[in-house]
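Number of protein chains: 2
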Amino acid sequence: MSNEIPTLHDVAFSANVSTATVSRCLNFPDKVSEKTRRRVFAAVNKLGYLPNFGAKVMATKRTNTIGAIIPTMENSIFARGLQAFQEELLVHGFTLLVASSSYRPDIEEEQIKALVARGADALLLIGYERNLEVYRFLQNQGVPALTAWAFNSSSERPSIGFDNREAMYQMAIKVIDMGHKRLALISAQTGSNDRAKARYQGILDAMSERALDAADLCFIETSYGIEEGALAFDKILSLPNRPTAVFCGNDVLAVGALRSARKSGINVPEEISIIGFDDIELAQVAYPALTTVQVPHREMGRLAAQALADLIKNGAELKSIRLETKLIFRETVAPAVDY
Amino acid sequence: MSNEIPTLHDVAFSANVSTATVSRCLNFPDKVSEKTRRRVFAAVNKLGYLPNFGAKVMATKRTNTIGAIIPTMENSIFARGLQAFQEELLVHGFTLLVASSSYRPDIEEEQIKALVARGADALLLIGYERNLEVYRFLQNQGVPALTAWAFNSSSERPSIGFDNREAMYQMAIKVIDMGHKRLALISAQTGSNDRAKARYQGILDAMSERALDAADLCFIETSYGIEEGALAFDKILSLPNRPTAVFCGNDVLAVGALRSARKSGINVPEEISIIGFDDIELAQVAYPALTTVQVPHREMGRLAAQALADLIKNGAELKSIRLETKLIFRETVAPAVDY
DNA sequence: TTGTATGCGTTATCAA
DNA sequence: TTGATAACGCATACAA
Chain G
487 MSNEIPTLHD VAFSANVSTA TVSRCLNFPD KVSEKTRRRV FAAVNKLGYL PNFGAKVMAT
547 KRTNTIGAII PTMENSIFAR GLQAFQEELL VHGFTLLVAS SSYRPDIEEE QIKALVARGA
607 DALLLIGYER NLEVYRFLQN QGVPALTAWA FNSSSERPSI GFDNREAMYQ MAIKVIDMGH
667 KRLALISAQT GSNDRAKARY QGILDAMSER ALDAADLCFI ETSYGIEEGA LAFDKILSLP
727 NRPTAVFCGN DVLAVGALRS ARKSGINVPE EISIIGFDDI ELAQVAYPAL TTVQVPHREM
787 GRLAAQALAD LIKNGAELKS IRLETKLIFR ETVAPAVDY
Chain H
487 MSNEIPTLHD VAFSANVSTA TVSRCLNFPD KVSEKTRRRV FAAVNKLGYL PNFGAKVMAT
547 KRTNTIGAII PTMENSIFAR GLQAFQEELL VHGFTLLVAS SSYRPDIEEE QIKALVARGA
607 DALLLIGYER NLEVYRFLQN QGVPALTAWA FNSSSERPSI GFDNREAMYQ MAIKVIDMGH
667 KRLALISAQT GSNDRAKARY QGILDAMSER ALDAADLCFI ETSYGIEEGA LAFDKILSLP
727 NRPTAVFCGN DVLAVGALRS ARKSGINVPE EISIIGFDDI ELAQVAYPAL TTVQVPHREM
787 GRLAAQALAD LIKNGAELKS IRLETKLIFR ETVAPAVDY
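Below you can see the structure in the form of structure tokens.
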């Protein structure tokens, strides 16, 4: 029982052929005669040969690895999409390299460099908004990047996602048309998050469209978490002219709001309506079940992987794809009571 | 504006030193004179030099990459742990390679090979149970592996996790001592899941300990999902001698059970108690809030990353670590009603 | 169809 | 402190 890891050379020696033949046999089996192929594979099995990764990378200039940088895997919308992304990548023979930014642009930048340094053949990024210099760096290094979770027709960067503004706009129109005039939004931090910003804009646009003064929107920014949503909702409850409908930037915040309402003895939706965004599991399990916007996270991940694989393997150009969202009315929204 | 990616050579030429000096300068800055160091770094910046990954791997025989294979990122217990794992890995200069097995041993095996082939310096695996041949393969390839999410004192494989049997045992004892005699367990598939198996065993042990006939446990196996939990609960409800306490292998199944109970008009916990496992977000958001076992997922991920980093960088031996779980009593458990 | 020979971009050994 | 040079293990152009 030898303790050395076998190389191409060893296989070639054992099969009594040249290293070139072994290499060919492994990469293009049909370019080799039946007889030698059998000999080679026998040797490969006998020795337990596995191609050396570094050498392969060096020779082919390709790692067959694709990097993804997401805010955090703890947010199930990213976990879900990433899972689908990875599964599809596997089908095409790629492996997933993962990093997270904790929603911080500086960390994201660092991670982008790290993944490029690690030889990622391409990158998946969340949202458009980032330093121009980053895009230049990617270009210089020859590493293509695809944007996901957002679609903005006015940007020419390739992206696979949905129109955050439009989705929230549609939901807001519906809710306003149910008689709600005093609205609130509990939003994720909009600073460096173009998705949050777009959702905010969607509500503003809907208000203008329906002749409400957009300046009257009660806007609260907070960070991600159930607790944070609850705290923000508490603040809203203490307002003099309490809103009748509270939009939330995501389902997690909405569930926090729901919890806070229950604690304060406020009936949802009779006294106040609450709206989420994403339609993660929490939304249907919440009590009452949450009205929200359904986003095709898995589909996004899958399509992103396909596009990237197609780009690397066939040189196909990255094309933007716009996916549709869907309004899901469950139990947390009711017509506004007038008084 | 040149379009070529610069190499060590280019930097050396530009700084007017040898490639050896540049390499040294980058890897051991203090082994080089102040003057040349400045010259070299100036050249590096000017050219935008980034070390070639493949070449580096080939020369050092190290990718600084660690692979993790988990059942699925969609299960938030893994997403959470993986996030912590990745964050800690980053601190030590490692990148995370991710693959998922969908709870299938054959896919896991394939993925293990894929990650080794991708040059992972070490692997993180979930649970002990797998083909012996896999461990032999890992050994032959010289790739160390650490097991997480389970701790079994009778195994000598290094692992960082908790005692699934013990945790469920403690919970069951508590519940039995509240007067429950007719118990049920809605379990994840135990076939190739040692954690599920251990939790099952924990209940059996508790029953024996409290002089209940373990054969009376109503045991249902199902796959992961809210819907699946609900269906299993429906079955239990239709039983002639209905159990008074229903344990669930995880919180997701428990939340499904809760939903089914609500639909059937059964009061929880007055008429039936429901117990989860994991304490994910769902548990506190569920209504009524779920009684469950809290597991330190993040801590596991963090410690696993530390151990692996220490192993690769300093050759430290992998040591098993046993973490504690905690019983969380919320609102879904009440003393048994006798009749 | 198969073999020979070279290059890929680092690191590391040894000498200077 | 620095430089010349030999690996590292594979893919591939070219020759046979």
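First to last, the sequence lines map onto chains G and H. Reminder that position 332 of the first sequence reads as 818 in my numbering, one-by-one numbering, no gaps. Reminder that position 154 of the second sequence reads as 640 in my numbering, one-by-one numbering, no gaps. Note that beta-carbon positions come from the ideal geometry of N, C-alpha and C, so glycine has one too.
Taking each of G:I491, G:A506, G:F499 and G:N513 in turn and checking the Cα distance to Y535 of chain G, the smallest one comes out for G:I491. Interface flag for V741 of chain G against chain H is set, since a Cβ pair is found closer than 8 Å.
Contact annotation for Y773 of chain G against chain H: Y773 [CB-CB distance below 7 Å, chain order].
For E707 of chain G, the three-state secondary structure derived from DSSP is strand. Taking C-beta separations shorter than 6 Å and ignoring five residues to either side along the sequence, the partners of P821 of chain G in its chain run M664 and G665, following chain order. Distance from the CA atom of K532 of chain G to the CA atom of V497 of chain G, rounded to whole angstroms, is 9 Å.
Distances from the alpha-carbon of P644 of chain G to those of G:L690, G:E594 and G:R808 put G:R808 closest. For T778 of chain H, the beta-bridge partners assigned by DSSP are H:I814.
Contact between the segment 748–760 of chain H and the segment 537–551 of chain H is absent, with fewer than three C-beta pairs closer than 8 Å. Residues of the segment 527–544 of chain H with a Cβ closer than 9 Å to any Cβ of chain G, in chain order: G534, L536, P537, N538, F539, G540, A541, K542, V543 and M544.
Taking a C-beta distance under 8 Å as the contact criterion, A634 of chain H and F733 of chain H do not qualify as a contact pair. Contact of Q569 of chain G with chain H by beta-carbon distance below 8 Å involves T558, M559, E560 and S586. Spanning the alpha carbons of Q780 of chain H and E615 of chain G requires a straight line of approximately 38 Å. Considering only H:I760, H:L582, H:T505 and H:A697, the residue with the shortest C-alpha distance to G715 of chain H is H:I760. When secondary structure is reduced to three states using DSSP, F733 of chain H falls in the strand class. Cβ-Cβ separation between A747 of chain H and F719 of chain H: approximately 7 Å, consistent with a contact (criterion under 8 Å). Taking 8 Å as the threshold, the shortest C-beta distance from G801 of chain G to chain H does not fall below it. Taken through DSSP and simplified to helix, strand or coil, G613 of chain G comes out as coil. Taken in chain order, the complete beta strand (DSSP E) segments of 3 residues or longer contained in the segment 543–592 of chain G are 551–556 and 581–586.
In the structure shown, S645 of chain G adopts extended strand secondary structure according to DSSP, grouped into three states. Using a CB distance below 8 Å, the part of the segment 574–585 of chain H facing chain G consists of L576, T581, L582, L583, V584 and A585, ordered along the chain. In its chain, beyond the 5 residues on either side, H783, M786 and G787 have a beta carbon closer than 6 Å to the beta carbon of G567 of chain H.
In its chain, beyond the 5 residues on either side, V497 have a beta carbon closer than 7 Å to the beta carbon of V530 of chain G. Under the DSSP assignment, L789 of chain H falls outside any beta strand (DSSP E), being part of the alpha helix (DSSP H) whose first and last residues are H783 to N800.
Apart from the 5 residues on each side of it in sequence, R523 of chain H sits with its Cβ closer than 8 Å to the Cβ of C511 and P515 in its chain, given in chain order. Within the model, the alpha-carbon separation for M544 of chain H versus M544 of chain G is close to 8 Å. Per DSSP, reduced to three states, the secondary structure at S673 of chain H is strand.
Nothing from the segment 718–738 of chain H brings a Cβ to less than 7 Å from some Cβ of chain G. Between Y655 of chain G and G688 of chain G, the C-beta spacing is below 8 Å. Taking a Cβ-Cβ cut-off of 8 Å, the neighbours of Q627 of chain G in chain H comprise I491 and L536, given in sequence order. The residue from H:V738, H:L576 and H:F815 with its alpha-carbon nearest to that of G711 of chain H is H:V738. Residue contact with chain H for I814 of chain G: absent (no Cβ-Cβ distance below 8 Å to any residue of chain H).
A820 of chain G carries a coil assignment under DSSP once its states are collapsed to helix, strand and coil.
A direct Cα-Cα distance of roughly 35 Å separates N513 of chain H from E560 of chain G. Looking at the backbone, the Cα of E596 of chain G and that of L698 of chain G are separated by about 43 Å. The beta carbon of A716 of chain H sits no closer than 8 Å to any beta carbon of chain G.
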